[in-house]
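So for the sequence shown, the working numbering puts the first residue at 1086; every next one is plus one. Where is the CB? At the ideal position from N, CA and C, for every residue including glycine. Here the structure is a predicted model, which means the values were calculated and not measured. Take a look at the structure below.
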Amino acid sequence: MNTTPHAWQFFRAGGVDQVVIRTGADIARIGQLDQKLWVALACPTRGIEFDPRTLDLIDTDRDGRIRPPELIAACEWACAHLKDPDELIRGGDEIALDAIADVRDEADGATTPLADEARRILQLRGKEGATTLALADVTDRAQLLDAMRFNGDGIVPPESADDEAVRDVLNLVMKTQGQVKDRNGLDGVNREQAEAFFKQAQSLQDWFAGASGDAPDAPTPGETALAAAQAVGAVREKVDDFFALCRVAAYDPRSVDALNPSIETYEALALQDVAVRADGIARLPLAPIAAGRALPLRQGVNPAWADALSKLQRDAVRPFVRADAETLDEAEWTILQERVKSSRSWLAAKPETKLGALSAQQVEDALAQRDAVMALIEEDERIEPHNARLADLEKLLRFKRDLLLLLTNFVSFKAFYQREGAIFQAGTLYLDGRSCELSVEVADAAKHAALAGLAKAYLAYCQCTRQGKTMTIVSAFTAGDVDFLFAGRNGVFYDRQGNDWDATITKVIENPTSVRQAFLSPYKKFLRLIEEQVAKRAAASDTIAQGSLNTLATTLTTADKAAATPAGATATANAAAGAIKLPARIDVGTVAALGVALGSISAVLVGIFAKFVDLGQWIPVAVLGIVLAISGPSMLIAWLKLRQRSLGPILDASGWAINGRMRVNVRLGGSLSQTAHLPSNSRRSLRDPYAERHGVARTIAAVVVVLALAAVAWRFGWLDSLLPAGLQRGQPVVVVRPA
1086 MNTTPHAWQF
1096 FRAGGVDQVV
1106 IRTGADIARI
1116 GQLDQKLWVA
1126 LACPTRGIEF
1136 DPRTLDLIDT
1146 DRDGRIRPPE
1156 LIAACEWACA
1166 HLKDPDELIR
1176 GGDEIALDAI
1186 ADVRDEADGA
1196 TTPLADEARR
1206 ILQLRGKEGA
1216 TTLALADVTD
1226 RAQLLDAMRF
1236 NGDGIVPPES
1246 ADDEAVRDVL
1256 NLVMKTQGQV
1266 KDRNGLDGVN
1276 REQAEAFFKQ
1286 AQSLQDWFAG
1296 ASGDAPDAPT
1306 PGETALAAAQ
1316 AVGAVREKVD
1326 DFFALCRVAA
1336 YDPRSVDALN
1346 PSIETYEALA
1356 LQDVAVRADG
1366 IARLPLAPIA
1376 AGRALPLRQG
1386 VNPAWADALS
1396 KLQRDAVRPF
1406 VRADAETLDE
1416 AEWTILQERV
1426 KSSRSWLAAK
1436 PETKLGALSA
1446 QQVEDALAQR
1456 DAVMALIEED
1466 ERIEPHNARL
1476 ADLEKLLRFK
1486 RDLLLLLTNF
1496 VSFKAFYQRE
1506 GAIFQAGTLY
1516 LDGRSCELSV
1526 EVADAAKHAA
1536 LAGLAKAYLA
1546 YCQCTRQGKT
1556 MTIVSAFTAG
1566 DVDFLFAGRN
1576 GVFYDRQGND
1586 WDATITKVIE
1596 NPTSVRQAFL
1606 SPYKKFLRLI
1616 EEQVAKRAAA
1626 SDTIAQGSLN
1636 TLATTLTTAD
1646 KAAATPAGAT
1656 ATANAAAGAI
1666 KLPARIDVGT
1676 VAALGVALGS
1686 ISAVLVGIFA
1696 KFVDLGQWIP
1706 VAVLGIVLAI
1716 SGPSMLIAWL
1726 KLRQRSLGPI
1736 LDASGWAING
1746 RMRVNVRLGG
1756 SLSQTAHLPS
1766 NSRRSLRDPY
1776 AERHGVARTI
1786 AAVVVVLALA
1796 AVAWRFGWLD
1806 SLLPAGLQRG
1816 QPVVVVRPA
């Protein structure tokens, strides 16, 4: 036994050592790799760019998630059914017949080699002699099933029988026992239904023949006696009840009113629904109760029982009591029951079945086809092992095509870090002049955001719509500025199939995208704050001015009415003066206080500027210090967050179980979110006819900059060699005169 540990190869990406799947031996021994080195420990079977049918084959417990034991079992199964595990590295959805291992899964009841089953499938598809089997050959089940008389589901439709008598029996089974659909969608009969039918038919045949075998003194009744027994049995309890009530009436005539329905009973019946009313009428006596009364058979009977009494008269009373009988007294009723007693006993012994009123001949004909029907079912069931092998062939072909892709997106994230397109990437979002390739499909944006915010990435949740369909995604903006990203902005999302979706931002989670962006962030926030404050003050002033103008306009339009009286004219003048709000006089003390304040502020500013100028050659260092004091904290925070930016929380919130942090550094982020660049060899015209004109402002700014530079140069004495002695900044010459 070889105990040498397998030699693995790893690569470094995202701050994690990840295994490289190079050969089929790596796949065969994937269970030996320490799961602490796996990048993911679970992934969902839906919401990712992967064939869901393959994932369902791996997900043996059907919980909608793939975990290491299931993936390891899939790898071991695929390697066991291939002569060379490197077939899994080659991929593709075709497999050579001689590459399939001769493995019989006898534990699953499959004894046919997979290669032989593959040849059988190719023969059914009209490809006899082919040496390769494609996935399409086994996934198109409808065409395969159409080519087979029996499909192995144990259900036999009448169309599969060649003999007309067998087809009739199958139709009779479906009529009495129900029907089920086979894999072709045809109605048919399974073993359980067929056995139940023939069991019931056999019991009926025994019932038909039983009296003549074991009880010769009780012969099988004729048709007349059977009809009479059935007619008597249908009304026996009701007739017995009628004569019992008549005996009570004979015992005490005062009970007649109580024994017959009252008028209130009929009134209640009249108010009921038709169905309820019919049931209530059926519970009434067969005829009005009277002492010693005979039961009428046609006239004056309960309408709910009229048909049953008519049948009793026709089939029982006239043949066995009186040919002209219109009524039946209690003595005749007793005689009639004695005469049909044997027939009633025979009917009572009839077994309970679903076969209805089949005659003895029909039962005999059905039983004659029992062996043929069961043979058809057995022949169909013998095909089932071939169906199991067909499913194994599909499983093997899917694993050959998809298993390596899943491993490079589960055990390692090679597909993501080598920019090959990971299975969790839903597509590319185009918005705000850039493309975002790190886009993940999301089921619940609110729930996802609670955990995804820990990724320290700038995330935008988008609602995507296309032809009535909707989808929610989250895209990570990992490069460029984010000043113009906010809820409501629109873009276009392209899924992995190339379909375009309208995308609208519904929510953003803000985080820095670069240190450069963090450097400018404080200044942008300061300018934004000033703009907001100025806008608020301007809006407030505009509101006051509009109110004053409205008051003045109202006063002027009603001046003719108010001027009718001297008091009104005075009030109008006062209102107009109040509406105009002339500025009040400013006190001399106020002016003095303002002057002192402005002077103090000017002195402080001049002192600060003087000290700044006195720094001399250290002025650039001071400027750098001021800049660092303003931008340094935000840059430090951005640097720390960018070091912590990772993929894990985004995928964990989508149902994955990520085993490491899976960092997204600045370099990788720049490739995931790419900004717009002009194509190479393109020409660009810089003349914009609608550009803002800043000629005068730029001239003034240039003059101010030149003067400032000249002042600094003069202050440091850099211009002394070019200036006359009186304008030089250097130390003055001291002349000492003799005493």
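The region 1394-1460 contains, as complete alpha helix (DSSP H) runs of 4+ residues, the segments 1415-1424, 1426-1433 and 1445-1453 (chain order). For Tyr-1336, the secondary structure class from DSSP, reduced to helix, strand or coil, is helix.
No Cβ-Cβ contact shorter than 8 angstroms links Leu-1209 with Glu-1244. Counting only unbroken stretches of 3 or more residues, the beta strand (DSSP E) elements lying wholly within the region 1731-1782 are 1758-1760, in sequence order. Minimum Cα-Cα distance from Met-1747 among the listed residues Leu-1199, Gln-1103 and Leu-1614 corresponds to Gln-1103. Going by beta carbons, Ile-1590 and Phe-1578 fall outside the 8 angstroms limit. For the set Ser-1687, Leu-1140, Tyr-1543 and Ala-1507, the Cα lying nearest the Cα of Ser-1731 is the one of Tyr-1543. Our two residues, Val-1559 and Tyr-1546, have alpha carbons roughly 4 angstroms apart in a direct line. Here Ile-1735 is not near Ala-1534, since their CB atoms are 8 angstroms or more apart.
Between Leu-1452 and Gln-1262, the C-beta gap is not smaller than 8 angstroms, which leaves the two residues out of contact.
Look at Glu-1352 here: in three-state DSSP terms it is helix. Arg-1467 and Gly-1237 have their C-alpha atoms roughly 6 angstroms apart.
For the pair Phe-1405 and Leu-1421, the CB atoms are nearer than the 8 angstroms cut-off.
Taking Asp-1183 as reference, the option from Arg-1204, Ala-1372, Leu-1794 and Ala-1677 with the minimal CA-CA separation is Arg-1204. Following the DSSP letters along the chain, one finds Lys-1121 in no alpha helix (DSSP H), marked with neither H nor E.
In the same chain as Ile-1112, and ignoring 5 residues on each side of it, the C-beta atoms closer than 8 angstroms to its own belong to Ile-1106, Cys-1160, Ala-1163, Cys-1164, Pro-1170, Leu-1173, Ile-1174, Leu-1488, Leu-1489 and Leu-1492, in chain order. When Cβ pairs closer than 8 angstroms are counted between the two stretches, the region 1345-1364 is seen not to touch the region 1456-1466, the count staying below three. Look at Pro-1705 here: in three-state DSSP terms it is helix.
With contacts defined by Cβ atoms closer than 8 angstroms, Ala-1588 and Gly-1576 form a contacting pair. Cβ-Cβ distances below 7 angstroms link Val-1751 to Ser-1599 and Leu-1727 in the same chain, with the five nearest sequence neighbours on each side left out; the list follows chain order. Counting the other Cβ atoms within 10 Å of the Cβ of Ser-1428 gives 16 or more, which makes it buried. In this structure, the beta-carbon distance from Ala-1528 to Lys-1592 does not fall below 8 angstroms.
In the structure shown, Leu-1218 falls within a strand segment according to DSSP collapsed to helix, strand and coil.
DSSP, reduced to helix, strand and coil, places Ile-1151 within a strand of the structure shown. Beta bridge pairing from DSSP links Cys-1521 with Leu-1514 and Ser-1758. The region 1375-1390 makes contact with the region 1320-1332: 3 or more CB pairs, one atom from each, lie closer than 8 angstroms. Annotation: Arg-1332 to Val-1265 spans about 56 angstroms, alpha carbon to alpha carbon. By the 16-neighbour rule on beta-carbons within 10 angstroms, His-1091 is exposed.
Taking the Cα of Gly-1754 as reference, the smallest distance to any Cα among Ser-1444, Ala-1638, Asp-1222 and Phe-1501 is reached at Phe-1501.
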